[in-house]
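Residues 24 to 405 (this note's numbering) are what the sequence shown spells out, left to right.
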Amino acid sequence: MQKLILIKYGELTTKKGNRNQFINKLNDNIKKIIDAKIIKKRDRMYILTDNIDLVSKKLTKIFGLQGIVIAYQVNNNIDEIKESILKILKEVSFKTFKVETKRANKDFSIKSMDFNNIIGSFILKNFVCTVDVHNPDITIHIEIREETYIYLNEIKGSGGYPVGIQGKGLLMLSGGIDSPVAGYLALKRGIDIDCLYFDSPPHTSLEAKNKVIKLASILNEYSGNIRLLVVPFTKLQEQIYKNVPSEYNITILRRMMYRIATSIDKKYKVIINGENIGQVASQTLTSINVINSVTNFPIIRPVACLDKLEIINIAKKIGTYETSILPFEDCCTIFVPKHPVINPKLEKCLEYEQFEYQSLIEECINNIEVITNYTNNYNDLL
Ligand code: ATP
Ligand code: MG
């Protein structure tokens, strides 16, 4: 018998017409993150590797998988199946069990229920145990396909769609808690994200930038394809503080961010950010309206309606929280006015934007630094 990893597809199985596209994308995504032999089939994918534990751990971060199973593959032969079950169960301690057979291959002549009974009696003869169909210590799964796969436990996959199935999006990534979570949720729906960070040295520190690089690298474990675009934002930001009354600073700053984000590259079909309704002055509905009015580009806000605690829980689960709470300031927090406007007026914004910002925006876009290599250990720099 051969030990391998068996993958159960996630939501993609409901998209009948797109099935091949989904499976191919998933296959590509797995290859980006895992060095192993992959065999893709219509209903399942099989992965052959010497490093089953590490590979199955990495697979839990790949979207489009419903379940990951460490299985034993044997021929569709009843004696071979029995012999393998004997070997597998000798390694496990249990008092109660049940057998669940799935016969996808109808050429195999014994029906699933009958096969459950045959294997059940075989186990009862060889081990001191009883059958419990409701709450067994172990369930012996037997999937009869072109070959037979036997396994006990299933590791839950991340669900969602394979990254890239929905095209490209650009995530506005700050060093905070919210935007990495927004990025994770966008990846989960199949959006292939790049990240965009507005950097304002010397007002923001190198540590703040490294923190964002670290966050991008954590998100990249779910993608393998993330580019981080760093916008040199200092000049434009300084002009905002020079020309705009302080209570409108953040509103105008964010309008500039949106202008830049939406004109970087046509390949991005959507902008994603970590805005959360009501969390700060720039995130009241009126603020969002006035800020968003610089563009008709689609902007999605995956965490808009979650409570902070819900966002924190996701951040902890996906591994970004510990980095996000490091105390380095991003460019929105350094010049925060005492009384930022909560209900900004569009006419006021237009009035305050009477300085020459277009050329500064172009300068920002033309001087973007692109980071794709996360192999450096940015922990050392933090
Ligand atoms: P976060 O916790 O994600 O930093 P926040 O609650 O601090 O969010 P804001 O600072 O108002 O809220 O930012 C709202 C969103 O704008 C962020 O979630 C992020 O998507 C984007 N953003 C803010 N600052 C930057 C930046 N320096 N670079 C890129 N995007 C940014
Ligand atoms: Mg922030």
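Glycine included, C-beta positions come from ideal geometry on N, C-alpha and C. Predicted model only: the values in this text are computed from it and were never measured.
To the nearest angstrom, how far is it from the Cα of residue i to the Cα of residue j?
i	j	result
Lys237	Lys64	36 Å
Leu194	Tyr69	33 Å
Leu82	Gln306	36 Å
Lys290	Ile314	23 Å
Tyr207	Glu103	44 Å
Asn158	Glu170	28 Å
Ser135	Lys113	24 Å
Ile111	Lys60	24 Å
Asn233	Arg168	49 Å
Phe150	Ile133	24 Å
Ile391	His164	53 Å
Ala205	Arg324	7 Å
Gln377	Pro255	22 Å
Ala284	Ala304	21 Å
Asn140	Ile62	31 Å
Pro360	Ile214	35 Å
Ala231	Gly198	7 Å
Look at the Cβ atom of residue i, then the Cβ atom of residue j, and state whether they are nearer than 8 Å.
i	j	result
Glu298	Ile311	yes
Ile295	Ile216	yes
Ser79	Ile178	yes
Val92	Leu29	yes
Glu34	Gly190	no
Pro185	Leu196	no
Ile200	Ala338	yes
Phe351	Ser228	yes
On the criterion of 16 or more Cβ atoms from any shown chain inside 10 Å, does residue i qualify as buried, or is it exposed?
i	result
Gln96	buried
Asp73	exposed
Thr153	exposed
Leu27	buried
Lys125	exposed
Glu379	exposed
Val156	exposed
Leu308	exposed
Gln260	buried
Asp76	exposed
Asp130	exposed
Cys328	exposed
Among the options, which has the Cα closest to the Cα of residue i?
i	options	result
Ser316	Lys265, Glu370, Ile263	Glu370
Asn52	Ile348, Leu88, Pro367, Lys105	Leu88
Val364	Asn176, Pro268, Phe145, Lys31	Pro268
Ser246	Gln25, Leu349, Lys48	Lys48
Glu166	Ile388, Ile101, Phe358	Ile101
Ser347	Asn389, Leu242, Thr318, Val293	Leu242
Phe120	Phe131, Tyr375, Phe145	Phe145
Glu374	Glu333, Asn266, Ile273	Asn266
Gly192	Cys218, Ile263, Gln302, Gly180	Cys218
Met24	Lys54, Asn98, Glu333, Tyr271	Asn98
Beta carbon of residue i: closer than 7 Å to some heavy atom of the ligand SAH?
i	result
Glu34	Ligands displayed in this structure: the ligand ATP and the ligand MG; the ligand SAH is not among them.
Quiz item: Quick one: any contact between the stretch 250 to 264 and the stretch 337 to 344, if contact means 3 or more CB pairs under 8 Å?
Solution: No, because fewer than three Cβ pairs between the stretch 250 to 264 and the stretch 337 to 344 fall closer than 8 Å, the two stretches do not touch.
Quiz item: Touching or not, the stretch 275 to 286 and the stretch 374 to 392, by the rule of three or more beta carbon pairs under 8 Å?
Solution: yes
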